[in-house]
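The structure under discussion appears below in the form of structure tokens.
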Amino acid sequence: MPDTNLPRDDRAALPRRMTGNGEVIETSAPIGDTVKTTTCYMCACRCGIKVHLKDGRVRYIEGNPDHPVNRGVLCGKGSAGIMTQYAPSRLRAPLKRVGPRGSGEFAEISWDEAMEIATGWLRNVRATDPRKLAFFTGRDQSQSLTGFWAAQFGTPNFAAHGGFCSVNMAAAGLYTIGGSFWEFGEPDWEHAKYFVMFGVAEDHDSNPIKIGLGKLKARGAKFVSVNPVRTGYSAIADEWVGIRPGTDGLFVMALIHELLRTDRVDLDFLVRYTNAHWLVVKNPGGADDGLFARDADGKPLAWDRARGAMDAGSAGLSPQIVGEYDLPDGRKAVPVFQLMAQRYLSPDYAPDKVAATCGVSADRIRRLAAEIADIAFNHTITLDVPWTDSLGRRHETMVGRPVSFHAMRGISAHSNGFHTCRALHLLQMILGAIDVPGSWRYKSPFPRPIPPGPGPAGKGAKPNTPLAGNILSFPHGPDDLLVHDDGSPIRIDKAFSWHAPLALHGMMHMVIGNAGKADPYEIDTLFMFMANMAWNSAMNPGEVIRILTETREDGEYRIPHVIYSDAYFSETVPYADLILPDTTYLERWDAISLLDRPIGSAHGPGDAIRQPVIQPDRDVRGFQEVLIELGARLGLPAFVKEDGSPKFKDYPDYIMNHQRMPGVGPLAGFRGEDGTKKGVGEPNPNQLQKYIENGCFWRHHLPPEQLYFKHANKAYLEDSKAMGLIGKSDQIVLQIYSEPLQKFRLAAQGHGAKQPPDEATRARIATYCDPLPIWYAPLEQQQHDTEPFPLSAITQRPMDHYHSWGSQNAWLRQIRGANKLYMNRLTAHRLGLAQDDWVWVESRNGRVKGQLALMEGVNPDTVWTWNAVGKRAGAWNLSPDSPEATRGFLLNHVISEWLPAQVADGQRFANSDPVTGQAAWYDLRVRVTKCAADEIPLTDPHPAALERPPGLKPAPDLVREPGK
Amino acid sequence: MTELPPPAAKKLGLVIDLDTCVGCHACATNCKEWNTGGHLGPLPDFNAYSAGAEGVWFNRVHSYEAGEGEEGRTVHFPRSCLHCETPSCVTVCPTGASYKRAEDGIVLVNTDTCIGCGLCAWACPYGARELDEDEGVMKKCTLCVDRIYNETIPEPQRQPACVITCPVGARHFGDLGDPTSKVSRLVAERGGYDLMPEMGYAPVNKYLPPREKPPMRAHSLEEAAPTGMDIKNPLLRWLDRALSR
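Chains as they are written, first to last, in the numbering used here: chain Y, 2 to 965; chain G, 1266 to 1510.
Okay, here's the thing in structure tokens:
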């Protein structure tokens, strides 16, 4: 019995000893002997960190209080970085495959040999058909380099992992408002009075959202979370809306319906900042139907009440937003607003009509619309900050509508995500709540012109010839698609083809599947970085493994060469022929570049670096450094001098001295010979030193008059142009109605030289390239019988693992070492299932076995689990008995990368958004059944345990002092 | 048995806001990395890369649901030593190793004299004691006694690691013996409470309950006053709206 149960008197009678025995504590011991700043990489958030070192080992990692991203805080992953640094799964030296693929039989080789092998394969591909290199870089934070390298190589087949992550958010945002939720914008945490978050568990951004939610809660702002699952952020929401997955778009359109019906619309905002008043040609069947009416200079027209058709951008215009008008050339046209209002006023979007589909009552939808309208229109915020708009008019104050929105994965990972996200942006525009005080705000360098740049490079790939331009760029219409004359795709992943015209981030999830079918063609070399395609990064990993190990009739592998760079022994390592071991994030240089994904905020643009804070104790090299050397060995023009010798001695040399355009390089800060220029300026040989002295980041503080209305803020746009962030300082007019989408649709309707090649594709484009947001049931659910699979199945990113999937981290795996399938208690009761039952989760694609957990806070028609916690036995240097491999499971096993075949010729489309190619992870439908009593309690599929590669020692049982 | 010091004016402790904790575990891992190299470190991990992984943590976050259906709540509950005013984990200690500091009330363990008997773990109803089976001694939250007074650390960062790292700002540190301190005022304003006060150990740490939710509007939007034209074509209400850009 514990002594606490003794009566007090008895305790008092026991003998007493001196408290603490006079212990003396050293309370002012220095943390370590050295402290260095760098940028975290435990997820995509890019927080600034201070790394304390003691005796050459990492002692403590803390958030950098001066850093604009995290302002001193650090999440659960970042704080566990020390265990990632010292993980026993770190690869130790270059490896060459010596047994069959998948056998895990490797030999350690020298870097010289590794570079020779890689150069040999790549040189041959480049000299014959550069398209046969597929270069996909996963969770890459250096795409401005890797994409540039791919263009220099001459292959159109480049992308990172955005196609299965965030492209719906990026594309919808960039084609609508010139910025996006994702990580290009943020709520006005200081002023918002009402915040609605859609489909965010742990997502971009990690710490900024947490910091912001803390501020919102402290101020008493209302926080509404729309999410099928009530965990994480949703747990602290004032109101949880447990919506059915994939129906958010319909829900948002019902809110829009309510606002229109009751005339709670910010018409002034719409005509000043959006294309609501632009005239759309009405000529059914004509090649110009649905395009903007333009004047002789190509400027869009609006209808002035007094003066008729005029440049829609004129000052003093008094535009009509409804009605039908006769253009000077005799054609008829209607304003965008009318088309928009007609659509969403339709009874199809009435709350009563959508309630059952969304699983949200009509009364609740009406009440939420009323709350949002009340805050937006009756509780405006006025900041006494004068500013000047793009037309040169001075405004004495900034007036804002303090309703903020944020959305991410739960919208993005559906095949209707692009339009759903566009609908959300439309809702923001109707409320006048974009980059105004209290609303969602752009993070500089956004906004950018809509669309932000020219079409993608990739046409006319020729041997030994670079491609001009950016491979991942922005189609404006059919002419920019990467398709051959017969309409067939140029890219291996079919991005930017009729299958996915706005696939801005590529479609990494389709690369291996397409290559396996030689559709559209075979590839020779698959070159990947930080992408676990043989496990949690793949839809249907079993199929990926089958293709990677498949041989052709001549005995050669279907994909003859696979080069993989990673720092850790992931599930993909055994399927590569050549392993180029990367460093950890604490051992490397990096540039978090404005040319790629910078760390800007609403308060100004910024970028950052990583510097090595510790030297590797293994024979490993940073991937970017390797890539630059490969570029030189291959003689890629930008990576060699005229005499053919390497242009850059290492990655830091490249970061400081590479110029994409004159004066514009990977880093925007401390440019110019004396380091005083920002954005544009000649290279500075001390630039990296300057960054280090500044805490490894640079930021530009916007003056108060530039903090809001950035899309139409003269001073902001002009300064941004001067810094090279945007090409011109014109007002960025927000696009309710998207003309590029209409151009694709016109092509599908038979207009123009470039048209979809077949009826099935034509029908898809005509339907899904609607210039106004639409809602449709997720494609998987449209195209096959969902009755046998009555439940939606989704995953969530755990805050303690997200983007830090390496469960090799000894601390994080204690927090979450296995995942269960979560089901609503009432649903389980109906199905006769109980807590901890072993169940089969079956879809049209197969089945996976896991353990059930019951909860209250989940939509009754939805089951979910934590993403990527399940590991393959043996991977990551975990022992095969680890819970990650015995009880952890991947929902990926039951997700197909293909939609069900739906046309007579068997043509299949990717299980992706038909506009952007975004992998539709969350469209999955399943049934859940109890395992038979005699089935063993072990997850299934349970592929054979992987063998530890050479050089890796068995992981220790006991860890006392990390790194010792 | 071990004696408690006379009650002191200074009562250092934590105030944890259950209204804003999102359960991210930052406090738990940052605590572990600070303390594994700190005063009571290391904090070993057993079976670190296999089944049965279990380490020493001074701070753990538990997630659970309270209530049923949509009206229920998901609660993230961080748990660590509460630095009680009358802690039985101290009085029960047979060697005097477990003690409460007179000067600030922090409850600590002198590992030189701890025999690892585990009585303190039995005595603590909050589960705050962590046995280092490798060293055979009991360990626990030190309230980062080696940070909060540490003159080599910039003054604003002289707070426990769990507080300084918390991304949502759900953790607060200060002197709960001083009614005018920021933490005391927070407790007063927000109705901060003791865990299991009936046990009589008078925890110094306090938890803040969820705030009252903002009221929901009772009624939906009123229809804009319909006109004859509206009924036929609702778009027409915007026809005569004089707008200017």
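Think of the CB as a built atom: it goes at the ideal place given N, C-alpha and C, for glycine as much as any other residue. Keep in mind it's a predicted model, so treat the numbers as computed, not measured.
Cutoff 7 Å: residue i Cβ touching any chain G Cβ
| i | result |
| --- | --- |
| M800/Y | yes |
| F734/Y | Correcting the residue type first, residue 734/Y is Val in the shown sequence and not Phe. Not one chain G Cβ lies under 7 Å of V734/Y. |
| P246/Y | no |
| N515/Y | no |
| Y176/Y | no |
| E857/Y | yes |
| A967/Y | Outside the displayed span of chain Y (2 to 965) sits residue 967/Y, for which this structure offers no information. |
| G21/Y | yes |
| Y42/Y | no |
| Y345/Y | no |
| A202/Y | no |
Contact with chain Y by residue i, beta-carbon distance below 7 Å
| i | result |
| --- | --- |
| K1478/G | yes |
| H1290/G | yes |
| R1510/G | yes |
| Y1458/G | no |
| E1463/G | no |
| R1383/G | According to the sequence as given, residue 1383/G is Gly; it is not Arg. No, G1383/G does not count as interfacial toward chain Y. |
Chain-ordered chain Y contacts of residue i [CB-CB under 7 Å]
| i | result |
| --- | --- |
| N1295/G | L75, S80 |
| C1431/G | V74 |
Cross-chain neighbours of residue i in chain Y, by beta carbon under 8 Å
| i | result |
| --- | --- |
| Y1391/G | Those do not exist, as Y1391/G stays about 12 Å from chain Y at its closest Cβ, beyond 8 Å. |
Under 7 Å from the C-beta of residue i: neighbouring residues of chain G
| i | result |
| --- | --- |
| Y234/Y | V1287 |
| G324/Y | L1504 |
Opposing strand residues paired with residue i [DSSP bridges]
| i | result |
| --- | --- |
| K1365/G | V1372/G |
| L384/Y | M399/Y |
| P1352/G | DSSP, once it has assigned bridges, lists no residue as partnering P1352/G. |
| L96/Y | E109/Y, I580/Y |
| V916/Y | Per DSSP, none; premise fails for V916/Y. |
| T38/Y | K51/Y |
| W839/Y | Q852/Y |
| N714/Y | D390/Y |
| D608/Y | W699/Y |
Pair within 7 Å by beta-carbon distance, residue i and residue j
| i | j | result |
| --- | --- | --- |
| G1340/G | A1293/G | The amino acid occupying residue 1340/G in the given sequence is Val; Gly does not appear at that position. Against a cut-off of 7 Å, the Cβ pair of A1293/G and V1340/G comes out as no contact. |
| N1417/G | P31/Y | One point to set straight first is that residue 1417/G is Thr, not Asn, in the sequence displayed. Yes, the Cβ-Cβ distance between T1417/G and P31/Y is below 7 Å. |
| N169/Y | Y738/Y | no |
| D249/Y | F199/Y | yes |
| A1291/G | R814/Y | no |
| N860/Y | R245/Y | yes |
| S566/Y | L579/Y | no |
| G459/Y | I472/Y | yes |
| L1451/G | P1425/G | no |
| A971/Y | Y350/Y | The question about residue 971/Y has no answer here: the residues shown for chain Y are numbered 2 through 965. |
| R332/Y | S319/Y | no |
| S167/Y | S413/Y | yes |
| I491/Y | F528/Y | no |
Partner residues on chain Y for residue i, Cβ-Cβ distance less than 9 Å
| i | result |
| --- | --- |
| N1415/G | T28, S29, A30, P31, I32 |
| D1399/G | L959, R961 |
Proximal chain G residues relative to residue i, where beta-carbon distance stays under 8 Å
| i | result |
| --- | --- |
| W241/Y | E1335 |
| N208/Y | P1432 |
Beta carbon proximity, residue i to chain B, threshold 7 Å
| i | result |
| --- | --- |
| Q86/Y | In the structure shown, chain B cannot be found, because the protein chains are Y and G. |
heavy atom of the ligand ATP below 6 Å from residue i C-beta
| i | result |
| --- | --- |
| D239/Y | What this structure holds is no ligand at all, so the ligand ATP is not there to describe. |
Does the stretch 1347-1356 of chain G come within contact of the stretch 1461-1471 of chain G, defined as at least 3 CB pairs closer than 8 Å? Taking a cut-off of 8 Å on C-beta distances, the stretch 1347-1356 of chain G touches the stretch 1461-1471 of chain G, as three or more cross pairs fall below it.
With a cut-off of 8 Å, do at least 3 Cβ pairs link the stretch 819-839 of chain Y to the stretch 875-892 of chain Y? With the cut-off at 8 Å, the stretch 819-839 of chain Y and the stretch 875-892 of chain Y touch.
With three or more beta-carbon pairs closer than 8 Å as the criterion, would you say the stretch 586-605 of chain Y touches the stretch 666-686 of chain Y? Flag = yes, the stretch 586-605 of chain Y and the stretch 666-686 of chain Y touch.
Okay, do the stretch 595-602 of chain Y and the stretch 615-635 of chain Y touch, 3+ Cβ pairs below 8 Å being the bar? The stretch 595-602 of chain Y, when compared against the stretch 615-635 of chain Y, does not touch it at the 8 Å Cβ threshold.
Report yes or no: do three or more beta-carbon pairs, one from the stretch 381-390 of chain Y and one from the stretch 701-718 of chain Y, lie closer than 8 Å? A contact exists between the stretch 381-390 of chain Y and the stretch 701-718 of chain Y.
Stretch pair the stretch 477-487 of chain Y + the stretch 636-647 of chain Y: three plus CB contacts closer than 8 Å: By the criterion of at least three beta-carbon pairs nearer than 8 Å, the stretch 477-487 of chain Y is not in contact with the stretch 636-647 of chain Y.
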